[in-house]
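Residue numbers (my numbering), protein chains in the order written: chain A, 14 to 515; chain B, 3 to 490.
For each residue, glycine too, the CB sits at the ideal point set by N, CA and C.
Notes to accompany the following structure.
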Ligand SMILES: [Zn+2]
């Protein structure tokens with residue numbers, strides 16, 4: 014494992030080298046059935062219960078293409094501004110591994126279904142970086158190995174391995190970028206922002222669960238460095254097992270620093286597969302193969318070529334949903350936000366939460382205000398992402414509605430939200446349990462108003478002589494007496510009424 | 003058909019095979035129980051006055067052991083699958099059952115259908131009923147021998163480069179490779195996916211046509227299956243039996259003659275051509291200049307596909323597993339493949355792995371695919387002028403067991419005339435054309451037709467068969483020497 018001492022400072026890396034990225038994202042499609050058979054694809058089902066002769070690769074079994082899988086691939090290609098192949102084939106990628114039932118993966122090689130596209134990626138400073146897409150192709154997932162005994166679930170040293178083929182044959186789309194150059198110091202950020210944008214896109218298309226934690230979205234990051242005067246790319250490494258957006262950013266940054274240190278001392282980069290380790294936030298070398306892997310690709314003879322008609326492609330294009338950037342522009346206009354305000358809200362991870370809160374019945378400005386102010390503050394205090402706070406958009410929307418109905422004051426509402434964050438249940442339950450209802454009984458309020466006026470006769474006199482602004486002090490006093498459970502506006506009205514009477 | 007007859011065909015034939023398959027060794031497994039069950043179903047239909055499930059209901063059949071059968075072992079002639087019992091039926095198997103055809107058992111074959119003599123079976127060779135020291139052809143030697151030995155009236159074979167036609171030729175039986183995609187490959191243990199094709203084997207052309215119609219037709223489970231009506235092969239065979247071929251244009255492939263062809267085979271072929279002329283056919287010579295490259299192209303494409311298709315035999319999920327205490331998965335895979343595959347299978351996996359390797363792909367696999375295109379064009383050009391093409395099925399009669407085992411190249415030459423049709427995906431069949439004057443062993447006439455025109459060759463074959471039977475005073479198969487097993 015690479016030790017920390019072998020890393021070059023990030024600034025020095027940037028002084029001496031230009032980073033080049035290549036990102037390969039695999040996304041599992043959310044089709045009901047697998048790519049080449051009728052087995053279901055439910056995540057987390059009991060081992061080997063979603064299998065059949067085809068996805069187990071039994072002798073004699075043959076694949077039949079899932080038409081929905083092809084449709085999803087074309088829709089992804091179109092959303093990524095790709096050309097869609099007039100004619101393409103599947104190919105066999107041959108290599109031996111126990112979790113692969115046929116010991117070849119049905120994939121696509123030199124004839125991908127979609128190619129030559131791009132995706133515009135929004136960076137933290139609000140600028141847009143265009144990532145060129147090389148290709149998007151269809152393939153099938155492998156099964157899963159569980160290595161028992163030995164060290165940390167790795168195959169080496171394991172006593173035995175268990176195989177689960179439920180995932181074998183689940184449709185995958187692999188999306189490959191062209192080499193990404195010109196990012197400079199923003200290379201790690203571009204990598205994260207690209208995967209994030211792609212995730213949003215796939216979600217909008219409703220083609221995948223895009224759960225990085227469950228492996229339905231997986232990223233392999235290719236990183237290389239070239240010296241400032243070089244004309245050719247340097248040797249790249251491919252880092253796998255990058256299971257979160259933050260890891261994508263960290264893995265790229267780590268590889269840049271690791272490679273910089275090696276190159277600076279005259280060493281050369283080994284072209285290899287590396288694995289990202291979440292705990293140490295570093296990459297480690299995979300097993301080094303003595304010879305380059307030769308996958309012996311050839312066209313899959315058990316499947317016929319795919320020739321999507323132009324009519325079909327245009328039909329699919331016409332049914333593409335509103336894409337994330339289109340939606341962002343619409344929301345920005347609807348909510349009447351500046352570019353900067355909108356970007357802040359995206360960066361805070363509040364966009365989807367606000368949309369969901371609005372969908373649950375809250376006005377947009379109220380929803381936005383809660384998420385970007387009070388709740389962001391709460392998230393920061395707790396050191397978690399906004400979305401990880403234990404409050405749902407629906408519960409927040411209920412609180413906002415209660416304020417609008419005059420049943421909560423802002424002060425009370427915060428106490429209710431605090432209750433929700435503390436796991437005390439639904440807003441209405443918390444209001445009941447904590448006795449947080451607004452004091453709307455005028456006689457009770459009037460008693461408090463009279464008391465406050467009596468306590469501060471000089472202020473009372475000012476109000477009576479027409480200095481209405483002085484009422485604020487009495488409002489404050491009444492709110493204190495009612496422990497914040499009064500509606501300040503009503504209190505103010507009552508004070509003015511009282512002073513006018515006397 | 004009487005219920006007595008159905009009971010005889012299913013139960014007694016199975017018993018007979020179990021008692022006396024020793025000399026021929028056509029069968030690897032006899033499935034008497036299941037055969038009786040299917041036959042009882044046919045009996046019940048007859049007793050209830052129902053229409054039989056098909057014209058062949060109750061007629062028993064021998065199934066090549068490369069076709070999966072639920073609950074009945076399927077070994078593909080390999081040690082690798084010695085105890086494997088498939089959990090599912092091939093589409094062909096299912097269609098046989100639907101037609102009320104009892105499956106007597108599974109027949110011997112070259113391992114994974116690789117071979118031309120059935121000597122590559124892990125379970126010992128099959129003997130040709132015409133001469134027990136001779137090979138029955140391959141890879142489907144078991145199916146052809148079962149027909150010739152009167153163990154079964156019908157059989158199913160699979161043909162990748164000639165594995166139905168060449169055994170038919172050397173056993174004096176009829177063997178048909180339908181148009182590629184005409185019969186579902188679902189459940190055929192794959193050798194070479196772009197070439198494999200199941201087809202009927204029988205003692206007469208009409209029987210083959212009847213069986214063809216049972217197994218053919220579109221299948222959703224096989225993406226390469228053709229979604230088109232089954233060619234009217236039974237009608238064509240019946241039409242052919244009238245003996246009139248006037249208006250039919252027959253092409254003789256110039257490239258299928260000369261060196262390597264036994265004089266007895268050439269003489270038989272010439273006599274057959276003369277017979278076709280007598281029947282009214284117009285015979286012309288055609289040239290297919292690229293057929294000479296068919297054999298090398300075939301021996302690159304088929305091994306390439308097989309190297310990938312056979313990768314799944316890795317000891318992980320089914321079949322043989324060599325136990326190596328303390329060893330990792332890779333070592334177990336390697337040891338199992340070493341122990342489970344025979345020499346010919348290993349040879350082809352190695353050739354195919356090499357041909358697909360980066361740096362060699364274009365020169366070998368890529369080049370072979372180009373040859374394949376040229377061969378298809380040769381067929382297109384030829385069929386522009388003629389309805390069918392004819393040739394000897396194989397250059398020699400049945401050779402002696404052991405004669406070519408040490409020389410793979412001479413073994414591959416047995417496929418010389420059969421591989422072009424395989425590469426082009428067009429239908430081709432072998433029909434008996436008498437006995438060779440050299441050694442008194444059967445010779446076959448190959449008839450080829452354009453894709454989906456399978457009926458054309460059935461018509462010509464049936465006409466030729468009826469004329470030859472009339473001239474010989476009966477079917478060729480009746481002249482087979484008596485076997486101990488047959489006498490019993
Ligand atoms: Zn399945």
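- request: Go through the residues and name those whose CB comes closer than 6 Å to any heavy atom of ligand 3, in chain order.
  value: Ligands present in the displayed structure are limited to ligand 1, and ligand 3 is not among them.
- prompt: Between the beta-carbon of residue 375 of chain A and the beta-carbon of residue 404 of chain A, is there less than 8 Å?
  reply: As a first step, residue 375 of chain A must be located in the first chain, where it is residue number 362. As a first step, residue 404 of chain A must be located in the first chain, where it is residue number 391. No. Outside cutoff.
message: Let me check understanding here. Comparing Cα to Cα, which of A/159, A/89, A/426 and A/406 lies closest to residue 185 of chain A?
response: The residue given as residue 185 of chain A occupies position 172 in the first chain. Of the residues A/159, A/89, A/426 and A/406, the one whose Cα lies closest to the Cα of residue 185 of chain A is A/89.
Contact the region 148 to 157 of chain A vs the region 118 to 133 of chain A: 3+ CB pairs below 8 Å: In the pairwise beta carbon analysis, the region 148 to 157 of chain A is classified as touching the region 118 to 133 of chain A: at least three pairs are separated by under 8 Å.
message: So, at 6 Å on beta carbons, what are the nonlocal neighbours of residue 210 of chain B in its own chain, with the 5 sequence-adjacent residues on each side left out?
response: As a first step, residue 210 of chain B must be located in the second chain, where it is residue number 208. Hits under 6 Å: 176, 178, 202 and 204.
- request: For residue 224 of chain B, decide whether its Cβ has a neighbour in chain A, counting only Cβ atoms nearer than 8 Å.
  value: Here residue 224 of chain B corresponds to residue number 222 of the second chain, with the count starting at 1. For residue 224 of chain B, the answer is yes, since a Cβ of chain A falls inside 8 Å of its Cβ.
- prompt: Would you say residue 164 of chain B and residue 474 of chain B are within 8 Å of each other, going by their C-beta atoms?
  reply: As a working note, residue 164 of chain B is residue 162 in the second chain. As a working note, residue 474 of chain B is residue 472 in the second chain. Residue 164 of chain B is not a Cβ neighbour of residue 474 of chain B, given a cutoff of 8 Å.
query: Hey, how far is the Cα of residue 35 of chain A from the Cα of residue 256 of chain B?
result: As a working mapping, residue 35 of chain A is identified with position 22 in the first chain. As a working mapping, residue 256 of chain B is identified with position 254 in the second chain. Going by C-alpha positions, residue 35 of chain A is about 57 Å away from residue 256 of chain B.
message: Just to check my reading of the structure: residue 317 of chain A and residue 97 of chain A have Cβ atoms closer than 8 Å, yes? What is that Cβ distance to the nearest angstrom?
response: Numbered from 1 along the first chain, position 304 holds the residue referred to as residue 317 of chain A. Numbered from 1 along the first chain, position 84 holds the residue referred to as residue 97 of chain A. That pair is no contact at about 18 Å.
- request: At 3 residues or longer, and completely inside the region 197 to 275 of chain B: list those beta strand (DSSP E) runs for me, N to C.
  value: 199 to 204 and 251 to 255, all fully within the region 197 to 275 of chain B.
message: Quick check on residue 282 of chain B: buried or exposed, where buried means 16 or more other Cβ atoms within 10 Å of its Cβ?
response: In the second chain, the residue the question calls residue 282 of chain B occupies position 280. The residue in question, residue 282 of chain B, is exposed, as its Cβ has fewer than 16 Cβ neighbours within 10 Å.
- request: Note down, in chain order, every chain A residue with its Cβ under 7 Å from the Cβ of residue 190 of chain B.
  value: What you label residue 190 of chain B is simply residue 188 of the second chain in a count that begins at 1. Taking a Cβ-Cβ threshold of 7 Å, the residues of chain A close to residue 190 of chain B are 73, in chain order.
- prompt: According to the Cβ coordinates, are residue 123 of chain B and residue 79 of chain B closer than 8 Å?
  reply: Position 121 of the second chain, counted from the first residue, corresponds to residue 123 of chain B. Position 77 of the second chain, counted from the first residue, corresponds to residue 79 of chain B. Result yes, Cβ atoms of residue 123 of chain B and residue 79 of chain B sit closer than 8 Å.
field: Ranges of the beta strand (DSSP E) found wholly within the region 154 to 208 of chain A, counting only runs of at least 3
entry: Runs of the beta strand (DSSP E) spanning 3 or more residues and lying entirely within the region 154 to 208 of chain A occur at 157 to 161, 173 to 177 and 184 to 190, in chain order.
task: Give the interface partners of residue 88 of chain B over in chain A, defined as CB-CB distance under 9 Å, in chain order.
output: In the second chain, counting from the first residue as 1, residue 88 of chain B sits at position 86. Those within 9 Å of residue 88 of chain B in chain A are 66, 71, 72 and 73.
- prompt: List, in order along the chain, the chain B residues whose C-beta lies closer than 7 Å to that of residue 115 of chain A?
  reply: Along the first chain, one-based indexing puts residue 115 of chain A at 102. Chain B residues near residue 115 of chain A: 313 and 314.
Straight-line Cα distance separating residue 383 of chain A from residue 394 of chain A: Start at 1 with the first residue of the first chain, and residue 394 of chain A comes out as number 381. Start at 1 with the first residue of the first chain, and residue 383 of chain A comes out as number 370. Rounded to whole angstroms, residue 394 of chain A to residue 383 of chain A spans 15 Å at the Cα level.
task: Answer yes if the region 88 to 106 of chain B comes into contact with the region 53 to 67 of chain B, meaning at least three C-beta pairs across the two stretches below 8 Å, and no otherwise.
output: Short answer: they touch.
- prompt: Hey, how far is the Cα of residue 429 of chain A from the Cα of residue 347 of chain A?
  reply: Looking up residue 429 of chain A in the first chain gives position 416. Looking up residue 347 of chain A in the first chain gives position 334. Rounded to whole angstroms, residue 429 of chain A to residue 347 of chain A spans 29 Å at the Cα level.
message: Which residues in chain B have a C-beta closer than 9 Å to the C-beta of residue 107 of chain A? List them in chain order.
response: By one-based count along the first chain, residue 107 of chain A stands at place 94. Neighbours of residue 107 of chain A on chain B, chain order: 309, 310, 313, 355 and 358.
query: residue 240 of chain B touches chain A at which residues, Cβ-Cβ below 7 Å?
result: Position 238 of the second chain, counted from the start, is the residue given in the question as residue 240 of chain B. Here the premise fails: no neighbours, minimum Cβ distance about 33 Å.
- request: Answer yes if the region 258 to 277 of chain B comes into contact with the region 342 to 360 of chain B, meaning at least three C-beta pairs across the two stretches below 8 Å, and no otherwise.
  value: Because the criterion of three Cβ pairs below 8 Å is not met, the region 342 to 360 of chain B and the region 258 to 277 of chain B do not touch.
- prompt: What are the uninterrupted segments assigned as alpha helix (DSSP H) that are 4 or more residues long and contained completely in the region 14 to 59 of chain B, given in chain order?
  reply: For the region 14 to 59 of chain B, whole alpha helix (DSSP H) runs of length 4 or above, ordered along the chain, are 15 to 22 and 34 to 49.
query: Using the C-alpha atoms, what's the distance from residue 418 of chain A back to residue 514 of chain A?
result: Start at 1 with the first residue of the first chain, and residue 514 of chain A comes out as number 501. Start at 1 with the first residue of the first chain, and residue 418 of chain A comes out as number 405. Residue 514 of chain A and residue 418 of chain A: Cα-Cα distance of roughly 29 Å.
message: Quick check: the Cα distance between residue 254 of chain B and residue 223 of chain B, rounded to an integer number of angstroms?
response: One-based indexing of the second chain puts residue 254 of chain B at position 252. One-based indexing of the second chain puts residue 223 of chain B at position 221. Here the alpha carbon of residue 254 of chain B sits roughly 37 Å from the alpha carbon of residue 223 of chain B.
query: Can you find a CB in chain B that lies within less than 8 Å of the CB of residue 30 of chain A?
result: The residue you call residue 30 of chain A lines up with position 17 of the first chain. When Cβ-Cβ separations below 8 Å define contact, residue 30 of chain A makes no contact with chain B.
- request: From the DSSP output, read off the bridge partner residues of residue 239 of chain A.
  value: Residue mapping note: residue 239 of chain A aligns to position 226 of the first chain, counting from 1. Beta-bridge annotation (DSSP): residue 239 of chain A is paired with A/31.
query: Are three or more beta carbon pairs between the region 494 to 504 of chain A and the region 443 to 461 of chain A nearer than 8 Å?
result: Judged by Cβ distances under 8 Å, the region 494 to 504 of chain A makes contact with the region 443 to 461 of chain A, as three or more pairs qualify.
query: Does the distance from the CB of residue 15 of chain B to the CB of residue 151 of chain B come in under 8 Å?
result: Numbered from 1 along the second chain, position 13 holds the residue referred to as residue 15 of chain B. Numbered from 1 along the second chain, position 149 holds the residue referred to as residue 151 of chain B. Taking 8 Å as the Cβ cut-off, residue 15 of chain B and residue 151 of chain B do not qualify as a contacting pair.
- request: Check residue 432 of chain B in the structure and name its three-state DSSP category.
  value: The sequence position of residue 432 of chain B within the second chain is 430, counting from 1. Strand, per DSSP.
query: Can you give the Cα-Cα distance for residue 54 of chain A and residue 113 of chain A, rounded to whole angstroms?
result: Locating residue 54 of chain A in the first chain gives position 41, where the first residue counts as 1. Locating residue 113 of chain A in the first chain gives position 100, where the first residue counts as 1. Straight-line Cα distance between these residues: approximately 17 Å.
message: For residue 299 of chain B and residue 200 of chain B, I'd like the C-alpha separation in whole angstroms.
response: Here residue 299 of chain B is taken as the residue at index 297 of the second chain, counted from 1. Here residue 200 of chain B is taken as the residue at index 198 of the second chain, counted from 1. When rounded, the distance between both Cα atoms is 21 Å.
task: Flag this pair as yes or no: are the beta carbons of residue 93 of chain B and residue 246 of chain B separated by less than 8 Å?
output: Reading the second chain from its first residue, position 91 is the one you call residue 93 of chain B. Reading the second chain from its first residue, position 244 is the one you call residue 246 of chain B. Result no, Cβ atoms of residue 93 of chain B and residue 246 of chain B do not sit closer than 8 Å.
Same chain only: Cβ atoms within 7 Å of residue 370 of chain B, ignoring 5 sequence neighbours per side: Here residue 370 of chain B refers to the residue found at position 368 of the second chain. Hits under 7 Å: 299, 302 and 303.
DSSP state of residue 334 of chain A mapped onto helix, strand, coil: The residue you call residue 334 of chain A lines up with position 321 of the first chain. If DSSP states are grouped into helix, strand and coil, residue 334 of chain A belongs with coil.
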